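A.B. asks:
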Amino acid sequence: VPSSGQVVPFGSQAGLQGDCLPNVAGLFSRKVLMGMTDGLTVFDYEAMSQRGNRLMPVMVSVKVSDKEVDESRPLVLPDVRYSLRFEFTAFNYAQPGIVRYQYKLEGWDEKWSDITLNNWAFYPRVEEGNYSFMVRVYAPDGSVTSQPLSFFVEIKKPFWKKTGFQLLGLLSFILLTAGVVYLRERRQRAFQRYLKKLLDERTAEVVRQKQELEIKNKDITDSINYARRIQSSMLPPVERLREYFSENFIVYYPRDIVSGDFYWIHTNGSKILVLCADSTGHGVPGAFMSIIGITLMKDIATSNPSLSPAELFKHLDRELRITINQDRSSDKTSDGMDACMVELDVSDYTVKIATAMRPVFVVQKGQLKIIEASKSSIGSNVSPKEKEFEEHILQMAKGDLIYMFTDGITDQFGGPSNKKFKLHQLKKLIDTIHSKPLNEQKEIIEETFRMWKGETPQLDDVLMIGLRL
């Protein structure tokens with residue numbers, strides 16, 4: 212440098228084709244041809260004079276994924292990720308010295324790079340987009356190029372990111388969704404038609420079966436109603452009691468149409484026998500047993516008019532065992548009946564009471580007492596074959612009361628706690644009302660039973676007989 216006498220080296224950083232100068236050859240028009248280690252370099256003095264002191268960056272090399280490409284024209288690449296390497300240089304031969312660079316890949320970098328001495332830039336993974344690689348140069352005196360070097364790079368979008376493809380994909384998705392929905396609704400409609408057909412078939416079958424059941428139920432109900440008429444015809448008329456008792460009532464509530472509870476009345480001169488019995492079971496089975504019991508009692512009482520109530524029970528127990536083959540059965544069964552029987556001789560008001568698992572209430576001179584039940588049941592083979600039925604003989608007076616009843620009323624669930632009515636509550640009720648006329652007592656007993664039962668189903672047949680001497 213003439214002004215300072217400083218020697219400035221020129222090499223590849225200054226844009227020369229190498230760092231060694233083996234040969235120099237002069238050319239016309241103030242140009243010098245220099246043979247460098249890596250190629251030829253032409254030094255144009257006229258161009259340098261016209262350029263003056265301006266620094267002009269020049270793109271030296273562009274590599275795409277380590278492959279050299281033409282840096283003289285914009286770069287357009289297909290839709291793949293690439294690594295990009297840019298090499299550039301700038302030199303002022305009239306004012307030599309160290310230059311610095313600053314670059315930016317516009318569209319990728321948010322800001323310019325730091326000022327550096329490196330004359331290259333590397334981007335390892337660049338995706339689709341439009342980019343402009345720009346370089347600006349800082350001269351040794353700190354001045355910067357007014358117009359940066361620009362190099363355009365376009366990496367095309369993959370086809371699946373293009374608007375047309377996305378619209379096509381959206382349309383395909385809509386069509387596919389619509390097709391799936393249509394097919395699903397079609398299958399659903401077909402399935403609903405199948406279900407409707409199946410439901411119609413099942414409904415028709417249910418209706419047919421219902422009609423058959425209604426016919427059968429009507430036939431059965433008609434048969435049971437006819438059986439009730441037969442059973443009712445076998446029960447003695449209540450009017451017969453009026454010939455021997457000043458007042459009487461009978462509370463009779465079969466659980467079903469026919470009943471296993473029954474009463475029987477037999478007269479023999481001045482004497483009257485009243486039986487209150489509870490057959491095993493209720494409904495049709497109980498009704499069969501009651502008819503057997505009534506028939507046997509008629510035969511026994513007619514054939515043996517002198518038998519006492521306890522002796523009648525013994526005969527009834529034996530005949531019932533024979534009738535239902537209890538003695539032949541090896542199984543212990545309780546088929547039979549629980550009962551109590553009262554015999555009144557109106558000539559002297561002597562009362563004989565026999566019990567078989569059923570107690571009797573007696574009111575004498577305004578005092579209520581219980582005639583306890585014997586522990587033997589009629590007809591059952593659970594008890595010993597030789598059974599004992601206790602007989603109580605009472606001397607009663609006109610106006611005294613006798614109450615006979617089955618367990619249907621005492622075993623009925625109901626009340627506030629849904630418990631059994633039990634014997635002690637019935638005793639308390641009778642003790643409260645026994646001074647009233649029997650027709651009023653009947654109404655009170657019936658109303659008490661209805662109130663106690665409430666919405667609870669009736670569990671058993673109910674029978675209660677009240678007699679005033």
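Just so we're aligned, residue 212 is where the sequence shown starts under our numbering, counting upward by one. Built from N, CA and C at the ideal position, the CB exists for glycine as well. All of these numbers come straight from a predicted model, not from anything done at the bench.
1) Taking C-beta to C-beta, are C551 and R569 nearer than 7 Å?
2) Just reading off the beta strand (DSSP E) that V462 is part of, what are its end residues?
3) Quick check on L518: does DSSP put it in helix, strand or coil?
4) Inspect the beta-carbon positions of I582 and V573 and report whether they are closer than 7 Å.
5) Using a Cβ-Cβ cut-off of 8 Å (strictly less than) and excluding sequence neighbours within five positions of K322, which residues of its own chain qualify?
6) How about L691 and T621: are their beta carbons less than 7 Å apart?
7) DSSP puts K639 in a beta bridge; with which residues?
8) Can you give me the start and stop residues for the alpha helix (DSSP H) that T432 sits inside?
9) For H603 and A565, I'd like the C-alpha separation in whole angstroms.
10) Taking buried to mean at least 16 other C-beta atoms within 10 Å of its own C-beta, is Q442 buried or exposed?
11) For G263, count the other beta carbons within 10 Å of its own beta carbon; 16 or more makes it buried, fewer makes it exposed. Which is it?
12) In angstroms, rounded to a whole number, what distance separates the CA positions of Q157 and R397?
13) Grab me the residues of Y342's own chain with a C-beta within less than 7 Å of its C-beta, minus the 5 sequence neighbours each way, in chain order.
14) From D489 to M548, what does the alpha carbon distance come to, in whole angstroms?
15) What is the DSSP secondary structure of T667, reduced to helix, strand or coil?
16) Measure how close the beta-carbons of F524 and K653 come, nearest whole angstrom, since I'm counting them as under 8 Å.
17) For the alpha helix (DSSP H) containing L452, list its first residue and its last residue.
18) Among G492, K509 and R466, whose alpha-carbon lies nearest the alpha-carbon of L486?
19) Could you work out which residue in N436, Y437 and F344 is closest to L286 when comparing CA atoms only?
20) Which term fits L386, buried or exposed, when burial requires 16 or more other beta carbons within 10 angstroms of its beta carbon?
21) How close, in whole Å, do the beta carbons of N436 and I468 come, if the pair is a contact with beta carbons under 8 Å?
22) Could you please give me the residues that DSSP links to K274 through a beta bridge?
23) Please return the same chain residues whose Cβ sits closer than 7 Å to the Cβ of K368, not counting the five positions on each side in sequence.
24) Residues in its own chain within less than 7 Å of G502 by CB, not counting five upstream and five downstream?
25) What number of angstroms, rounded off, separates the C-alpha of A401 from the C-alpha of E425?
26) Assuming S519 and E554 make a contact with CB atoms under 8 Å, what is their CB distance in whole Å?
27) Can you tell me whether V495 is helix, strand or coil according to DSSP?
28) Report yes or no: is there a C-beta of chain C within less than 7 Å of the C-beta of S646?
29) Assuming V271 and E298 make a contact with CB atoms under 8 Å, what is their CB distance in whole Å?
30) Which same chain residues end up closer than 6 Å to I476 when comparing Cβ atoms and leaving out the 5 residues on each side of it in sequence?
C.D. replies: Here's the rundown:
1) As a first step, residue 551 is located in the sequence shown; it is residue number 340 there, counting from the start. As a first step, residue 569 is located in the sequence shown; it is residue number 358 there, counting from the start. Between C551 and R569, the gap from beta carbon to beta carbon is short of 7 Å.
2) For the purposes of this step, residue 462 is taken as residue 251 along the sequence shown, with counting starting at 1. Start and end: E458 to Y464.
3) Numbered from its first residue, the sequence shown carries residue 518 at position 307. Reduced to three states, the DSSP call for L518 is coil.
4) For the purposes of this step, residue 582 is identified with residue 371 of the sequence shown, where counting begins at 1. For the purposes of this step, residue 573 is identified with residue 362 of the sequence shown, where counting begins at 1. In this structure, the beta-carbon distance from I582 to V573 falls below 7 Å.
5) Here residue 322 corresponds to residue number 111 of the sequence shown, with the count starting at 1. Around K322: K315.
6) Not covered by the structure: residue 691. The range shown for the chain is 212 to 680.
7) Here the question's residue 639 lines up with position 428 in the sequence shown. K639 pairs with nothing; no bridge assigned.
8) Within the sequence shown, numbered from 1, the residue matching residue 432 stands at position 221. In the DSSP annotation of this structure, the continuous segment of the alpha helix (DSSP H) that includes T432 starts and ends at T374 to M445.
9) By 1-based counting over the sequence shown, the position of residue 603 is 392. By 1-based counting over the sequence shown, the position of residue 565 is 354. H603 and A565 have their C-alpha atoms roughly 6 Å apart.
10) For the purposes of this step, residue 442 is identified with residue 231 of the sequence shown, where counting begins at 1. Answer is buried; the Cβ neighbour count reaches 16.
11) Along the sequence shown, one-based indexing puts residue 263 at 52. Annotation note: pLDDT 49 at G263 (below 50); position unreliable, coordinate value reported separately. With fewer than 16 other Cβ atoms within 10 Å, it is exposed.
12) What the structure shows of the chain is the stretch from 212 to 680, and residue 157 is not part of that stretch, so it cannot be assessed.
13) Within the sequence shown, numbered from 1, the residue matching residue 342 stands at position 131. These residues qualify, in order along the chain: L316, E317, G318, W319 and V364.
14) Indexing the sequence shown from 1 puts residue 489 at position 278. Indexing the sequence shown from 1 puts residue 548 at position 337. Between the alpha carbons of D489 and M548 lies a gap of roughly 5 Å.
15) Mapped onto the sequence shown, residue 667 falls at position 456. It is coil, neither helix nor strand.
16) Residue 524 sits at position 313 when you count from the first residue of the sequence shown. Residue 653 sits at position 442 when you count from the first residue of the sequence shown. So it is not a contact: roughly 27 Å between Cβ atoms.
17) Taking the first residue of the sequence shown as position 1, residue 452 is located at position 241. Under the DSSP assignment, L452 falls in the alpha helix (DSSP H) whose first and last residues are E450 to R453.
18) Here residue 486 corresponds to residue number 275 of the sequence shown, with the count starting at 1. Shortest Cα-Cα distance from L486 to any of G492, K509 and R466 involves K509.
19) For the purposes of this step, residue 286 is taken as residue 75 along the sequence shown, with counting starting at 1. The closest CA to that of L286, considering only N436, Y437 and F344, is found on F344.
20) In the sequence shown, residue 386 corresponds to position 175, counting from 1. Label assigned to L386: exposed.
21) The residue labelled residue 436 in the question sits at position 225 within the sequence shown. The residue labelled residue 468 in the question sits at position 257 within the sequence shown. Confirmed, about 6 Å.
22) Along the sequence shown, read from residue 1 onward, the residue named residue 274 stands at position 63. Beta-bridge annotation (DSSP): K274 is paired with E279 and R296.
23) Within the sequence shown, the letter at position 157 stands for residue 368. Residues D290 and E339 of the same chain have their beta carbon placed closer than 7 Å to that of K368, with the five preceding and five following residues left out of the count.
24) Sequence index remark: in the sequence shown, residue 502 carries index 291 (1-based). Sequence check: residue 502 is Ile here, not Gly. Setting aside the 5 residues that flank it on each side, I502 is surrounded in the same chain by Q442 and M445, each with a C-beta closer than 7 Å to its C-beta; the list follows chain order.
25) Start at 1 with the first residue of the sequence shown, and residue 401 comes out as number 190. Start at 1 with the first residue of the sequence shown, and residue 425 comes out as number 214. Answer to the nearest angstrom: the Cα atoms are 35 Å apart.
26) Locating residue 519 in the sequence shown gives position 308, where the first residue counts as 1. Locating residue 554 in the sequence shown gives position 343, where the first residue counts as 1. Confirmed, about 7 Å.
27) As a first step, residue 495 is located in the sequence shown; it is residue number 284 there, counting from the start. It is helical.
28) Among the chains of the structure shown, chain C does not appear; only one protein chain is present.
29) Locating residue 271 in the sequence shown gives position 60, counting from the first residue. Locating residue 298 in the sequence shown gives position 87, counting from the first residue. Rounded, the Cβ-Cβ distance is 4 Å, consistent with contact.
30) Here residue 476 corresponds to residue number 265 of the sequence shown, with the count starting at 1. Same-chain partners within the cutoff: P447, R451 and V485.
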